[in-house]
Amino acid sequence: MLDPERVPGPIDDSRGYLDLLGPPEPAASTSLSIMQNPVFATIYERAWRPVFTRLFSLGGTSTKEFDRQLVARLGRAGDRTILDVACGPGNYTRTLSDQLTGKGVCVGLDFSVPMIERAVRTNSGPRVAYIRADAHEIPFPDGTFDTVCCLAALYLVPDPGVVLDELARVTAPQGEVAVFTSLRTPLTSLPGVSLVAGRSGYHLFEGNEVTDRLRAAGLVDIEQTVTGQAQYVTARKPG
Numbered sequence: 455m456l457d458p459e460r461v462p463g464p465i466d467d468s469r470g471y472l473d474l475l476g477p478p479e480p481a482a483s484t485s486l487s488i489m490q491n492p493v494f495a496t497i498y499e500r501a502w503r504p505v506f507t508r509l510f511s512l513g514g515t516s517t518k519e520f521d522r523q524l525v526a527r528l529g530r531a532g533d534r535t536i537l538d539v540a541c542g543p544g545n546y547t548r549t550l551s552d553q554l555t556g557k558g559v560c561v562g563l564d565f566s567v568p569m570i571e572r573a574v575r576t577n578s579g580p581r582v583a584y585i586r587a588d589a590h591e592i593p594f595p596d597g598t599f600d601t602v603c604c605l606a607a608l609y610l611v612p613d614p615g616v617v618l619d620e621l622a623r624v625t626a627p628q629g630e631v632a633v634f635t636s637l638r639t640p641l642t643s644l645p646g647v648s649l650v651a652g653r654s655g656y657h658l659f660e661g662n663e664v665t666d667r668l669r670a671a672g673l674v675d676i677e678q679t680v681t682g683q684a685q686y687v688t689a690r691k692p693g
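In structure tokens:
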């Protein structure tokens, strides 16, 4: 499945996943540094994710139920290929793979060694594969996956616009893209919140920032659902 022209160097497959990046480099931001911490990878599901889910839900409907419905839709039964970008410890990746049939597979992609290694230990499965790679340069050919998602992670990456372009690029014609991420609201625009977010490397997306970028990348049928301080965006690639 890999595009040889997009693979930056040797591939290491000795630890249960494909590593395309080699030894980790120093993180460019506080948030990325945290993601490369082995301790954080351990507590992510138990502490970090529930806290962020509650914060995202403030002032609106709970993200938990909408999240459940979206994951069920993305992981529906069928002989399909799914790419879970910035998959972290693989919580979504494994769930998305459960109903796949035939040659269906869900690939989890992340840059963090601790996250990927935890994903391999705790969220492997017969239709799951993991790859350590850069979401800004996804190492797959155009139109590879039926479903491409980036759930609760896009606000952490250094250049989210480029990542959105990559999500669209590797989606197959008639395939779908789904994003769950932050949103700039009156609450998240408060000076203290914006200051902390900026210094930590967390990106607060403007109202149409994600939808406009996906539209510019050629996607259609774009829908945005706001839940408190977060947004779910889904789109389709024509063809």
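Heads up: the sequence shown begins at 455 in my numbering, then just goes up one per residue.
For glycine and all other residues, C-beta sits at the position ideal for the given N, C-alpha and C.
Note that this is a predicted model, so its numbers are computed, not measured.
Check                                                                                                                                                                             : Outcome
Measuring CA to CA, which of S551, V525, G672 is closest to L605?                                                                                                                 : V525
Between V561, E479, P614, which lies nearest to N545 when the distance is taken from Cα to Cα?                                                                                    : V561
Grouping DSSP H, G and I as helix and E and B as strand, with all else coil, what is S551?                                                                                        : helix
Have a look at Q685 and S636 and give me their C-alpha separation to the nearest angstrom.                                                                                        : 6 Å
Tell me the residue span of the alpha helix (DSSP H) that contains T639.                                                                                                          : Element bounds for T639: n/a, residue is neither H nor E.
For the region 563-576 against the region 532-548, are there 3 or more C-beta pairs whose distance is under 8 Å?                                                                  : yes
Cα-Cα, which of G532, P612, S551 is closest to P580?                                                                                                                              : S551
So what's R420 in DSSP terms, helix, strand or just coil?                                                                                                                         : Any answer about residue 420 is impossible in this case: the structure gives the chain only from 455 up to 693.
Which term fits M569, buried or exposed, when burial requires 16 or more other beta carbons within 10 angstroms of its beta carbon?                                               : buried
Tell me the DSSP secondary structure of G562 in three-state form.                                                                                                                 : strand
Within 8 Å, do at least three Cβ pairs link the region 660-674 to the region 621-637?                                                                                             : yes
Kindly list the residues whose CB is nearer than 8 Å to the CB of G629, restricted to its own chain and excluding five residues on each side of it in sequence; keep chain order. : G597, F599, D600, T601, V602, R690, K691
Leaving out five residues on either side along the sequence, give the residues of the same chain with a beta carbon under 6 Å from the beta carbon of I592.                       : E620, V624
State the DSSP-derived secondary structure class of V582, mapped to helix, strand or coil.                                                                                        : strand
Assuming contact is defined by CB atoms lying nearer than 9 Å, are D588 and L475 in contact in what I supplied?                                                                   : yes
Apart from the five residues on each side of it in sequence, which residues of its chain come closer than 8 Å, Cβ to Cβ, to P627?                                                 : G597, K691, P692, G693
Around the C-beta of D675, are 16 or more other C-beta atoms found within 10 angstroms, so that it is buried, or is it exposed?                                                   : exposed
Three-state secondary structure (DSSP) at Y686?                                                                                                                                   : strand
In whole angstroms, what is the alpha-carbon distance linking L658 and R638?                                                                                                      : 5 Å
Pull up the DSSP beta-bridge partners for F634, would you.                                                                                                                        : L605, Y686
Bridge partners for L472 per DSSP, in chain order?                                                                                                                                : I585
Would G661 be called buried (16 or more neighbouring beta carbons within 10 Å of its own) or exposed?                                                                             : exposed
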